[in-house]
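Everything on this sheet refers to the single structure shown next.
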Amino acid sequence: MSTTEKKFTAKGGAFLIEETPAQAVFTPEEWTEEQKMIAQTCKDFLEQEVYPKLDEIDDVKGNPELMPQLLDKSGELGLLGTSVPEEYEGFGMNFNTSMLVAEVIGAGYSFAVALSAHTGIGTLPILYYGTEDQKKKYLPKLATGEWKASYCLTEPDSGSDANAAKTKAVLTEDKKHYIINGQKMWITNGGFADIFIVFAKIDDDKNLSAFIIEKDFGGVTMNEEEKKMGIKGSSTRQVFFNDCKVPVENLLSERENGFKIAVNILNIGRIKLAASTIGASKGIIANASQYANERKQFGTSIGSFGAIKHKLAEMAARTYASESAAYRAGQNIDDAYEDMVAGGMDKTEAKLKSVEEFAIECAIMKVHGSETLDYVADEGVQTYGGMGFSADAPMDRSYRDARINRIFEGTNEINRMLTIDMLLKRAMKGKLDLMTPAMNVQKELTSIPDFGSDEDDSLFAKEKKVLSNLKKAGLMISGAAVQKFMQKLSHEQEILMNLADMLIEVYAAESALLRTEKLVGIKGEQACEQQINMSRLYLHRAVEIANKAGKEAIFAFAEGDEQRMMLLGLKRFTKIDPMNLKDVRRSIADHVLEKQAYEF
Amino acid sequence: MKILVCITHVPDTTAKISFTDDNTKFNSDGVQYIIGPYDDYALARAVELKEASGGTVTVLNVGTSETEPTIRKALAIGADDAIRIDAEPTDSYFVAEQIANHAKDAGYDLIMMGRESIDFNGGMVHGMVGELLGLPAISPVMKLDIEGQTAKLAREIEGGKEYLELDLPFIAGCQEPIAEWKIPNMRGIMSARSKKLEVLAPSDASEAVKLQQYELPPAKGDVKMIDADNVGELVKLLKNEAKVI
Chain A
1 MSTTEKKFTA
11 KGGAFLIEET
21 PAQAVFTPEE
31 WTEEQKMIAQ
41 TCKDFLEQEV
51 YPKLDEIDDV
61 KGNPELMPQL
71 LDKSGELGLL
81 GTSVPEEYEG
91 FGMNFNTSML
101 VAEVIGAGYS
111 FAVALSAHTG
121 IGTLPILYYG
131 TEDQKKKYLP
141 KLATGEWKAS
151 YCLTEPDSGS
161 DANAAKTKAV
171 LTEDKKHYII
181 NGQKMWITNG
191 GFADIFIVFA
201 KIDDDKNLSA
211 FIIEKDFGGV
221 TMNEEEKKMG
231 IKGSSTRQVF
241 FNDCKVPVEN
251 LLSERENGFK
261 IAVNILNIGR
271 IKLAASTIGA
281 SKGIIANASQ
291 YANERKQFGT
301 SIGSFGAIKH
311 KLAEMAARTY
321 ASESAAYRAG
331 QNIDDAYEDM
341 VAGGMDKTEA
351 KLKSVEEFAI
361 ECAIMKVHGS
371 ETLDYVADEG
381 VQTYGGMGFS
391 ADAPMDRSYR
401 DARINRIFEG
411 TNEINRMLTI
421 DMLLKRAMKG
431 KLDLMTPAMN
441 VQKELTSIPD
451 FGSDEDDSLF
461 AKEKKVLSNL
471 KKAGLMISGA
481 AVQKFMQKLS
491 HEQEILMNLA
501 DMLIEVYAAE
511 SALLRTEKLV
521 GIKGEQACEQ
531 QINMSRLYLH
541 RAVEIANKAG
551 KEAIFAFAEG
561 DEQRMMLLGL
571 KRFTKIDPMN
581 LKDVRRSIAD
591 HVLEKQAYEF
Chain B
1 MKILVCITHV
11 PDTTAKISFT
21 DDNTKFNSDG
31 VQYIIGPYDD
41 YALARAVELK
51 EASGGTVTVL
61 NVGTSETEPT
71 IRKALAIGAD
81 DAIRIDAEPT
91 DSYFVAEQIA
101 NHAKDAGYDL
111 IMMGRESIDF
121 NGGMVHGMVG
131 ELLGLPAISP
141 VMKLDIEGQT
151 AKLAREIEGG
161 KEYLELDLPF
171 IAGCQEPIAE
181 WKIPNMRGIM
191 SARSKKLEVL
201 APSDASEAVK
211 LQQYELPPAK
221 GDVKMIDADN
231 VGELVKLLKN
241 EAKVI
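So the protein lines, in turn, are chains A and B.
Going by full-length UniProt numbering, the first residue of the first sequence is number 1, and it counts up by one from there.
Going by full-length UniProt numbering, the first residue of the second sequence is number 1, and it counts up by one from there.
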């Protein structure tokens, strides 16, 4: 970042109401030599250890030892300790570097799930909420992979509604132990975990508490491996705690603080999941473009057909938007952390607070990344045609493994609702002034429309105007919805989904544009032809989605004059100059086909 | 034991090869570079030898500053320090001269490298360095153990294998299965930046061979399928069209 400019400090959710200078965003083109080497190590590991064994890995019943062995090997390389501070035998890397690791490993199918469950939801609760003794005891073993971790939140009757969990903890008479009883399900790494982070209610508490349970405490049993649609190599078990005796010192954080731990750890998990979907998407693009070059029909490679080019270009552009947004948010988290530590905050607390600050962006990225991957996987199968349906070709696994990402770490529906909920809460707490810009939009609605007389012909001037209008559309409709429903807005889930869609698209499209603008500043327009194409293509998509979501929301709650006024406003705020998107897509696709990879 | 490992900086094996300047220059645009795969085996074995019985491993590359990421990777894999001789590696003789000039008074017990690079595949540098230093040079070394001042090695020869024994120092041109490639670990990567990478000016040396022009192999032509019963047609085509008989 240029030091001569006034430092721009990003705030969570503020992208909706302010303009971010391109110089302030981090772009993946800025990775250091060291970070690139780390990424290469992850890639080499997948190529050497994971890809040759994909079928064996997926046969989790036949080879139950294989996944823990792979985790051991990745532990030897240090891949399990990226986020763990050096004093606990980790490497204390910053947040964006851990995102990069998640991205590259994300192309590793079930192995990616095992690794991220261990390093994320398995390790982080102890790192962020553990006492010094707990950290000293567990973190070095987790960072090296000597012990494997899992996270037990979900129960048969409590999934998205985590606080409804029934698992109980009762203090023994001598007050030295908790006796834990209950049943947890969908426990990733359950089959081989040594450590379980378990959420349970102490006595008749209203809220959850969290415990670190070692398998050797006794009373831990489990069902067979679950039969799943995808990520078949990831060990997924039901875990039962029957009079499991847990020393009181293994209570994690304070009593009844479990829900907060779960939420904060999930914030991190969500954006890391987005990083991982980017890696998976890139892997599919590489395979699909290679296949499109090789497969001949009607005497020519199918990659020469417009219908296939359309797919490849969309796959690339959506991945580009996701990637731009994920690392933009990742850097925001790193910067906020540095600022908080510089301001005297404890490092552990700063880690949590910095992610919490950008919880909206984390939820947005979870949805965007997983839905991009699902699209990419689906079109990957389609590009392969009949071979896409064959279990001997790579798309079968990619397609099945992609699907879970829209479900775990909070379903996309929960995350969409959270996005709006958190945004409104931040506004109510005075952290985000949504009111003034929303009022301004109201004023603008009743004034003469701006016909775009300004002559700014700099790169992206028009696109920025479009983006600024999209934000207005979002503010107009959410403002009206809040006025209409007040506290009851949370019951209008359909409208919340629409509003979230608008917000998600604004963030993704803006991030792609900002990244490209910054790159053009460094490399010039000519060298960034495809990035410019992808940003513009994506912006058109964002406008389409915002327009559709906006209409649906308006139809759902506004009537008469108000409806007419808002529909006019929406039309005005989702205006975009026509562009030959067919040609844009062909150009992007030709590049992808030439590189046979997502490589720009 | 003091080991020198010479590494090349070569296009990734999947790189698309093209040329510029009227086919006289390799087009490096968008090309990813790696440590020469055979050199990578040599480096892996050198690191194993050091880990087993102590000593140091120095990596050397003759190249411009563009090769430094490749050198850093070698440091991350486990070399202790590095030397870059700041020159465009024009031909095998030039490179061999640079290596020999540096190594002649540096007291290495063993000089290892790949049996050949994978860009120009000359496979000559180890022999030339041996000649220039007056030391034995052996290639391809596929197994290498050191006992005191003696090296025991194996190489494949036409129709079989031979086992050799010789005194240090000598030059080894290596290939698999001398060791398995090492993936740099996090600790290695993080320590690589603080390891010494010395840049030396090239010594006076001239190239022995000048490159005139490159040419890509002709594109694969269409395949004609001829019915197995139609031998006459096949012979006719081989004679008149392919002109091979």
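Glycine included, each C-beta is placed from N, C-alpha and C at the ideal position.
All values derive from a computational prediction rather than experimental measurement.
Take A/V246 as the anchor and find which of A/H177, A/E224 and A/Q183 has the nearest alpha-carbon. Along the first sequence, one-based indexing puts residue 246 of chain A at 246. Considering only alpha carbons, the answer is A/H177.
Between the Cα of A/M534 and those of A/L496, A/E599 and A/I38, spot the shortest distance and give me the residue it belongs to. Here residue 534 of chain A corresponds to residue number 534 of the first sequence, with the count starting at 1. When only C-alpha atoms are compared, the closest one is A/E599.
Report the option in A/E294, A/A286, A/L115 and A/F298 whose CA atom is closest to the CA atom of A/A313. Looking up residue 313 of chain A in the first sequence gives position 313. Nearest C-alpha to A/A313: A/A286.
Contact set for B/L135: own chain, Cβ-Cβ below 7 Å, skip 5 residues either direction: Position 135 of the second sequence, counting from 1, holds the residue named residue 135 of chain B. These residues qualify, in order along the chain: P169, F170 and I171.
Compare the beta carbon distance of B/I17 and B/F26 with 9 Å and say whether it is the shorter of the two. By one-based count along the second sequence, residue 17 of chain B stands at place 17. By one-based count along the second sequence, residue 26 of chain B stands at place 26. Yes, Cβ-Cβ distance for B/I17 and B/F26 is below 9 Å.
Between which residues of its own chain and A/M497 is the CB-CB distance below 6 Å, once the five residues before and five after are set aside? For the purposes of this step, residue 497 of chain A is identified with residue 497 of the first sequence, where counting begins at 1. Hits under 6 Å: R416.
When we look at the beta-carbon of A/Y128 and count the other beta-carbons within 10 Å, is it buried (16 or more) or exposed? Within the first sequence, residue 128 of chain A is the residue found at index 128, counting from 1. Buried.
I'd like the span of the alpha helix (DSSP H) that includes B/N240, first residue to last. Taking the second sequence and counting its residues from 1, one reaches residue 240 of chain B at position 240. It spans V231 to N240 - the alpha helix (DSSP H) in which B/N240 sits, taken as one unbroken run.
Taking 9 Å as the CB-CB cut-off, is B/R193 touching chain A? For the purposes of this step, residue 193 of chain B is taken as the residue at position 193 of the second sequence. With 9 Å as the cut-off, B/R193 counts as an interface residue toward chain A.
Between the alpha carbons of B/K73 and B/I189, how many angstroms are there, rounded? By one-based count along the second sequence, residue 73 of chain B stands at place 73. By one-based count along the second sequence, residue 189 of chain B stands at place 189. B/K73 and B/I189: Cα-Cα distance of roughly 7 Å.
Buried or exposed for A/S488, please, with buried defined as at least 16 other CB atoms from any protein chain shown within 10 angstroms of its CB. For the purposes of this step, residue 488 of chain A is identified with residue 488 of the first sequence, where counting begins at 1. For the record, residue 488 of chain A in the displayed sequence is Lys; it is not Ser. Flag for A/K488 reads exposed.
Just tell me which of A/S110, A/C244 and A/L424 has its CA closest to the CA of A/R403. One-based indexing of the first sequence puts residue 403 of chain A at position 403. A/R403 has its Cα closest to that of A/S110, out of A/S110, A/C244 and A/L424.
Rounded separation between A/R237 and A/A377 - CA only: Along the first sequence, one-based indexing puts residue 237 of chain A at 237. Along the first sequence, one-based indexing puts residue 377 of chain A at 377. One alpha carbon belongs to A/R237, the other to A/A377, and they sit about 26 Å apart.
Please go through the same chain and pick out, in chain order, the residues whose beta-carbon is closer than 7 Å to the beta-carbon of B/R115, but skip the five residues on each side of it. For this step, residue 115 of chain B is matched to residue 115 along the second sequence. These residues qualify, in order along the chain: Y38, G123, S139, P140, G173, C174 and Q175.
Would you call A/A164 buried or exposed, if buried means 16 or more other Cβ atoms sit within 10 Å of its Cβ? Here residue 164 of chain A refers to the residue found at position 164 when the first sequence is read from its first residue. A/A164 should be labelled exposed.
Which value, in whole angstroms, describes the spacing of the CA atoms of A/V466 and A/E413? Taking the first sequence and counting its residues from 1, the one referred to as residue 466 of chain A is at position 466. Taking the first sequence and counting its residues from 1, the one referred to as residue 413 of chain A is at position 413. If I take the Cα positions, the gap works out to 27 Å.
Quick one: is B/I245 buried, meaning 16 or more other Cβ sit within 10 Å of its Cβ, or exposed? Taking the first residue of the second sequence as position 1, residue 245 of chain B is located at position 245. By the 10 Å Cβ count, B/I245 comes out exposed.
Measuring CB to CB, does A/R143 end up less than 9 Å from A/G81? As a first step, residue 143 of chain A is located in the first sequence; it is residue number 143 there, counting from the start. As a first step, residue 81 of chain A is located in the first sequence; it is residue number 81 there, counting from the start. It should be noted that the sequence gives Ala, not Arg, for residue 143 of chain A. In contact: A/A143 and A/G81 (Cβ atoms closer than 9 Å).
Contact criterion: CB-CB distance below 9 Å. Does A/I302 meet it with respect to chain B? The count along the first sequence starts at 1 and reaches residue 302 of chain A at position 302. No - not a single Cβ of chain B is within 9 Å of the one on A/I302.
Could you check if A/Y337 is buried or exposed, using at least 16 other CB atoms within 10 Å of its CB as the buried criterion? Within the first sequence, numbered from 1, the residue matching residue 337 of chain A stands at position 337. Around the beta carbon of A/Y337, a 10 Å sphere encloses 16 or more other beta carbons of the protein chains shown; the residue is thus reported as buried.
Using the beta-carbon count (16 or more within 10 Å), is A/Y507 buried or exposed? Within the first sequence, numbered from 1, the residue matching residue 507 of chain A stands at position 507. Classification of A/Y507: buried, given that the 10 Å Cβ count is 16 or more.
Partners in chain B for A/G78, counting only beta-carbon separations shorter than 9 Å: Locating residue 78 of chain A in the first sequence gives position 78, counting from the first residue. Per Cβ cutoff of 9 Å: N185, M186, R187, G188, I189 and M190.
Residue range of the unbroken beta strand (DSSP E) whose run includes A/A24: Working through the first sequence from its first residue, we reach residue 24 of chain A at position 24. Per DSSP, A/A24 belongs to no beta strand (DSSP E) and is neither H nor E.
Under a Cβ-count criterion, where at least 16 other Cβ atoms within 10 Å of its own Cβ denotes burial, should A/K227 be classed as buried or exposed? As a working mapping, residue 227 of chain A is identified with position 227 in the first sequence. With fewer than 16 Cβ atoms within 10 Å of its Cβ, A/K227 is classed as exposed.
Output, in sequence order along the chain, the residues in the segment 31-49 of chain A whose CB is closer than 8 Å to any CB in chain B. E33, E34, K36, M37, I38, Q40, T41, D44, F45 and Q48
Rounding to the nearest angstrom, what Cα-Cα distance links A/S511 and A/I554 in this structure? What you label residue 511 of chain A is simply residue 511 of the first sequence in a count that begins at 1. What you label residue 554 of chain A is simply residue 554 of the first sequence in a count that begins at 1. Approximately 27 Å, taken between the alpha carbons.
At a CB distance below 8 Å, what residues from the segment 80-102 of chain A approach chain B? Give them in sequence order. G81, T82 and F91
Using only alpha-carbon positions, find the residue among A/A24, A/I271, A/G191 and A/E19 that is nearest to A/K518. By one-based count along the first sequence, residue 518 of chain A stands at place 518. Of the candidates A/A24, A/I271, A/G191 and A/E19, A/A24 places its Cα closest to the Cα of A/K518.
Excluding the 5 residues flanking A/F217 on each side, which residues of the same chain have their C-beta closer than 7 Å to its C-beta? Taking the first sequence and counting its residues from 1, one reaches residue 217 of chain A at position 217. Taken in chain order, the residues that qualify are C244, K245 and V246.
According to DSSP, is residue 602 of chain A helix, strand or coil? Residue 602 of chain A lies beyond the stretch modelled for chain A, which goes from 1 to 600, so this question has no answer here.
For a quick check, are the C-beta atoms of A/K135 and A/I121 less than 9 Å apart? The residue given as residue 135 of chain A occupies position 135 in the first sequence. The residue given as residue 121 of chain A occupies position 121 in the first sequence. The answer is no: Cβ separation not under 9 Å.
Distance between A/S116 and A/N405 (C-alpha atoms, nearest Å): As a first step, residue 405 of chain A must be located in the first sequence, where it is residue number 405. As a first step, residue 116 of chain A must be located in the first sequence, where it is residue number 116. Near 12 Å, if we compare the C-alpha coordinates of A/S116 and A/N405.
For B/V10, I'd like the list of residues in its chain whose CB is within less than 7 Å of its CB, leaving aside the five on either flank, ordered along the chain. As a working note, residue 10 of chain B is residue 10 in the second sequence. So the qualifying residues of the chain are Y33, I34, G36, S117, I118 and D119.
Go ahead and label B/V235 buried or exposed: buried means 16 or more other beta carbons lie within 10 angstroms of its beta carbon, across all protein chains shown. Residue numbering aside, residue 235 of chain B sits at position 235 when the second sequence is read from its first letter. So B/V235 ends up on the exposed side.
If I measure Cβ to Cβ from A/G145 and keep anything under 6 Å in the same chain, skipping five residues before and after, which residues do I get? Within the first sequence, residue 145 of chain A is the residue found at index 145, counting from 1. Counting only Cβ-Cβ distances below 6 Å, and skipping sequence neighbours, we find L71, D72, G75 and L80.
Which class does A/Y598 belong to by DSSP, given the choice of helix, strand or coil? Locating residue 598 of chain A in the first sequence gives position 598, counting from the first residue. Coil, per DSSP.
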